[in-house]
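Colleague: The structure's right below; bear with me while I get my questions together.
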Amino acid sequence: MSTLDLKTGYHQIVVNPADRGKTAFLCSFDMFRYKRMPLDLRNAPATIQQFMDHFGNGHPTVNILVYLDDIFLLSETFEQHQALKLANPVERKNRDLKLRLAIIIGNNHTLWIEKLPAIRSALNTAKCKTADCTAAYLNFGRELSTSDDVTTDLRSVIHKENIEKNQDRRKAYADKSRKPSPNYKPDDLIWVKLHPLSKANQTKTEKFMPREDGPYIILSQKSPSSFVIASCRKPDEPSSVYHASALAPFRNVTQNLM
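Quick look at the structure:
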């Protein structure tokens with residue numbers, strides 16, 4: 001059994017315009033009269049009961065009891081009761097669908113099958129007042145995709161291209177102050193740059209320490225910017241791998257002094 005209590009049940013009944021003057025009353029602002037039946041009219045309970053009995057008689061397949069604005073739904077088994085709950089939303093959806101189809105197709109009743117997808121999309125994407133969500137969101141957990149979601153906004157593409165052009169322009173400006181990397185190749189002699197530190201306990205200062213060590217010989221190129229080097233005393237034994245920024249072209253002592 002399920003119970004339903006109608007919201008503003010008495011106010012569902014419209015008062016006959018000829019009888020609205022009988023409901024008039026005075027207040028400090030003006031005189032008012034009801035357009036819909038209030039609760040405290042003499043024949044209000046009988047009128048609402050008659051209206052609800054007419055409602056119950058319109059559903060012969062449902063075991064329903066009505067008393068004023070209270071509705072009792074009865075079923076013999078739980079499964080039948082669950083089926084009854086599922087039937088009402090379907091009936092409401094079909095009722096709304098029928099009304100919208102009648103508005104769109106007008107007198108040309110053969111167009112209903114062509115207009116059905118558009119109406120279905122409108123029903124699934126329209127927000128309801130109670131849940132403030134669309135039917136698609138309640139069923140699938142997300143909104144339906146529209147034509148705007150699958151089209152490409154060319155403005156974003158152009159904006160991205162402008163960003164890439166600005167990046168290339170900034171890179172070209174920054175590269176002007178950079179020195180080109182020497183084109184090292186195997187069997188070249190090079191210096192290895194040092195980073196000496198001052199040691200007060202050994203009475204050594206980095207100002208007088210050499211800045212480069214070598215010469216070394218390049219055995220192979222490990223990557224576009226790194227090289228395998230070896231000592232000139234043992235050219236067949238790889239010593240280490242250095243980045244190109246840590247290497248300098250070999251110059252003899254005379255060239256260094258000059």
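In terms of our numbering, the sequence shown has 234 at position 234, counting the first letter as 1, and numbering is strictly consecutive. Glycine included, C-beta positions come from ideal geometry on N, C-alpha and C.
1) In terms of DSSP beta bridges, what is L65 paired with?
2) For the candidate residues S240, R95, P210, L154, whose alpha-carbon lies nearest to that of I119?
3) Taking S270 as the reference, which of D213, K234, H243, Y216 has the closest Cα?
4) Return the chain-ordered list of same chain residues with a C-beta closer than 7 Å to the C-beta of S240, the five sequence neighbours on each side being excluded.
5) Let me know the secondary structure DSSP gives K204 once reduced to three states.
6) Around the C-beta of D213, are 16 or more other C-beta atoms found within 10 angstroms, so that it is buried, or is it exposed?
7) Just to confirm before moving on: does the CB-CB distance between I105 and L111 stay below 8 Å?
8) Grab me the residues of T254's own chain with a C-beta within less than 7 Å of its C-beta, minus the 5 sequence neighbours each way, in chain order.
9) Using 8 Å as the threshold, is the C-beta distance between E143 and T152 below it?
10) Is it buried or exposed, M37, if we count other Cβ atoms within 10 angstroms and call 16 or more buried?
Modeller: On the basis of the coordinates in this document:
1) Translated into the one-based positions of the sequence shown, residue 65 becomes position 65. L65 is bridged to F72.
2) Counting from one through the sequence shown, the residue named residue 119 turns up at place 119. Measuring from the Cα of I119, the nearest candidate turns out to be R95.
3) Given a span of 1 to 258 for the chain in the structure shown, any question on residue 270 remains unanswerable.
4) Translated into positions along the sequence shown, residue 240 becomes position 240. Only I229 meet the Cβ criterion.
5) Within the sequence shown, residue 204 is the residue found at index 204, counting from 1. Strand.
6) As a first step, residue 213 is located in the sequence shown; it is residue number 213 there, counting from the start. Exposed, since its Cβ has fewer than 16 Cβ neighbours within 10 Å.
7) As a first step, residue 105 must be located in the sequence shown, where it is residue number 105. As a first step, residue 111 must be located in the sequence shown, where it is residue number 111. Cβ atoms of I105 and L111: closer than 8 Å.
8) Taking the first residue of the sequence shown as position 1, residue 254 is located at position 254. Unreliable placement is indicated for T254, whose pLDDT of 48 sits below 50; no coordinate value is reported for it.
9) The sequence position of residue 143 within the sequence shown is 143, counting from 1. The sequence position of residue 152 within the sequence shown is 152, counting from 1. No, they are not a contact pair.
10) Against the sequence shown, residue 37 aligns to sequence position 37. M37 is buried by the Cβ-count criterion.
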